[in-house]
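> To start, I am sharing the structure in question, which I have written as structure tokens.
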Amino acid sequence: MSVRICPSILSADFANFESELATISESDLIHVDIMDNHFVPNLTFGLDTVKRLQQLSTKPLDVHLMIENVDRWALDYAALGVYSITFHAEATGDAAALAQKIRATGCRAGLALKPGTAVAAYEEIFSSFDQILVMTVEPGFGGQSLIEDTLQKVSEVREILDRQQLSTWLQVDGGIDLGNIARVSQCGADTFVAGSAVFKHADRNQQIQLLRAAAESL
């Protein structure tokens with residue numbers, strides 16, 4: 139199984155993105171959390187910041203929209219040329235239709251599920267997506283501890299993807315660190331968002347390599 143490590147710049151120094159990106163050159167993608175202080179109780183970046191990150195980053199941008207009115211804004215982010223746009227199932231009335239519009243721009247589409255969102259309500263449309271993101275914390279803030287009960291959901295999504303014979307990535311986001319990434323990988327995840335677990339270290343590239351090795355150690 140291919141393992142992807144995606145550092146979240148939510149844990150980076152916002153005033154020095156160019157130098158911060160240089161410290162995570164071993165990453166597979168750069169995870170960018172967009173929060174609007176409505177869908178989640180926090181406010182982060184907007185279109186202009188993502189546009190600049192797209193110019194600065196040598197790695198693909200994995201944009202996670204934690205916003206209301208996602209049908210209004212998702213295509214504007216896709217138009218910036220980012221690699222993937224993940225939006226929350228809870229924020230749109232027709233997730234499959236929005237995914238189709240995103241993919242038509244050449245951007246990958248992802249579906250995010252909060253800890254309390256039932257997988258069964260969306261499994262019929264998994265084939266519309268390139269990535270399913272299982273939130274292993276309540277979205278809104280970095281530095282939280284992984285909610286153990288969410289690992290059952292990771293396993294459930296993996297079973298569905300395998301049963302449907304989909305090559306869709308299974309991403310996890312929230313509290314991922316060296317102490318749990320192997321267990322989460324064992325549940326079937328292949329793409330891992332890590333914020334403080336990477337950025338709190340002096341040698342961030344070494345930490346990315348350690349996380350990847352731990353996830354591949356099955």
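Just so we're aligned, residue 139 is where the sequence shown starts under the working numbering, counting upward by one.
Glycine included, each C-beta is placed from N, C-alpha and C at the ideal position.
Report yes if the C-beta distance between Gln-309 and Ile-263 is below 9 Å; otherwise report no.
By one-based count along the sequence shown, residue 309 stands at place 171. By one-based count along the sequence shown, residue 263 stands at place 125. No. Outside cutoff.
> Based on the DSSP output, what are the partners of Val-201 in its beta bridges?
Position 63 of the sequence shown, counted from the first residue, corresponds to residue 201. Answer is Val-170 and Ile-223.
> Looking at Lys-197: is its Cβ nearer than 9 Å to the Cβ of Ile-168?
Locating residue 197 in the sequence shown gives position 59, where the first residue counts as 1. Locating residue 168 in the sequence shown gives position 30, where the first residue counts as 1. Against a cut-off of 9 Å, the Cβ pair of Ile-168 and Lys-197 comes out as a contact.
> Answer yes if the stretch 171-191 comes into contact with the stretch 204-211, meaning at least three C-beta pairs across the two stretches below 8 Å, and no otherwise.
Touching, per the Cβ criterion.
> Measuring alpha carbon to alpha carbon, tell me which residue in Leu-251, Ala-247, Ile-240 and Val-220 is nearest Ala-229.
Sequence index remark: in the sequence shown, residue 229 carries index 91 (1-based). For the residues Leu-251, Ala-247, Ile-240 and Val-220, the minimum Cα distance to Ala-229 belongs to Leu-251.
> Applying the 10 Å Cβ sphere with the 16-neighbour rule, what's the burial state of Lys-291?
In the sequence shown, the residue the question calls residue 291 occupies position 153. Lys-291 should be labelled buried.
> State the start and end residues of the unbroken beta strand (DSSP E) segment that holds Val-331.
Within the sequence shown, the letter at position 193 stands for residue 331. Start and end: 329-332.
> Across which residues does DSSP place Cys-144 in a beta bridge pair?
The sequence position of residue 144 within the sequence shown is 6, counting from 1. In the DSSP output, where bridge partners are listed per residue, Cys-144 has Val-331.
> For Ala-301, is the classification buried or exposed, using 16 other Cβ atoms within 10 angstroms of its Cβ as the cut-off for buried?
In the sequence shown, residue 301 corresponds to position 163, counting from 1. The sequence shown places Arg at residue 301, rather than the Ala named in the question. That one is exposed.
> Flag this pair as touching only if the stretch 181-188 and the stretch 338-352 have three or more C-beta atom pairs under 8 Å; answer yes or no.
Result no; under three Cβ-Cβ pairs closer than 8 Å.
> Name the two residues that bound the continuous alpha helix (DSSP H) containing Ala-235.
Along the sequence shown, one-based indexing puts residue 235 at 97. Residues 233-242.
> Which of helix, strand or coil does DSSP assign to Gln-269?
Locating residue 269 in the sequence shown gives position 131, counting from the first residue. In this structure, Gln-269 counts as strand in the three-state DSSP scheme.
> Could you tell me if His-226 is buried or exposed, where buried requires 16 or more neighbouring beta carbons within 10 angstroms of its beta carbon?
Here residue 226 corresponds to residue number 88 of the sequence shown, with the count starting at 1. His-226 should be labelled buried.
> When the Cα of Arg-246 is compared with those of Ala-216, Asp-315 and Lys-189, which residue comes out closest?
If you number the sequence shown from 1, residue 246 lands on position 108. Selected option, being the one with the closest Cα: Ala-216.
> Find out if the Cβ-Cβ distance for the pair Ser-334, Val-141 is shorter than 9 Å.
Along the sequence shown, one-based indexing puts residue 334 at 196. Along the sequence shown, one-based indexing puts residue 141 at 3. No, they are not a contact pair.
> Tell me the rounded alpha-carbon separation between Ser-163 and Gln-347.
Numbered from 1 along the sequence shown, position 25 holds the residue referred to as residue 163. Numbered from 1 along the sequence shown, position 209 holds the residue referred to as residue 347. So the two alpha carbons sit approximately 11 Å from each other.
> Specify, as a first and last residue, the run of the beta strand (DSSP E) that Gln-347 falls within.
In the sequence shown, the residue the question calls residue 347 occupies position 209. Unbroken run through Gln-347 is the alpha helix (DSSP H), 342-353; no beta strand (DSSP E).
> Go through its chain and collect everything with a Cβ distance to Phe-267's Cβ below 7 Å, but skip five positions before and after it.
The residue given as residue 267 occupies position 129 in the sequence shown. So the qualifying residues of the chain are Ala-237, Ala-247, Gly-248, Leu-249 and Thr-306.
> Whole angstroms is fine: what's the gap from Lys-189's alpha carbon to Leu-218's?
If you number the sequence shown from 1, residue 189 lands on position 51. If you number the sequence shown from 1, residue 218 lands on position 80. The straight-line gap from Cα to Cα measures roughly 6 Å.
> Check each candidate in Phe-337, Thr-243 and Leu-356 and name the one with the smallest Cα separation from Cys-144.
Walking along the sequence shown from the start, residue 144 turns up at place 6. Taking only the C-alpha atoms, the option nearest Cys-144 is Phe-337.
> CA-CA distance, Gly-261 and Asp-232?
As a working mapping, residue 261 is identified with position 123 in the sequence shown. As a working mapping, residue 232 is identified with position 94 in the sequence shown. The question names Gly, yet the displayed sequence has Glu at residue 261. Rounded to whole angstroms, Glu-261 to Asp-232 spans 14 Å at the Cα level.
> With distance defined between alpha-carbon atoms, name the residue in Thr-329, Arg-321 and Val-331 nearest to Leu-356.
Here residue 356 is taken as the residue at index 218 of the sequence shown, counted from 1. When only C-alpha atoms are compared, the closest one is Arg-321.
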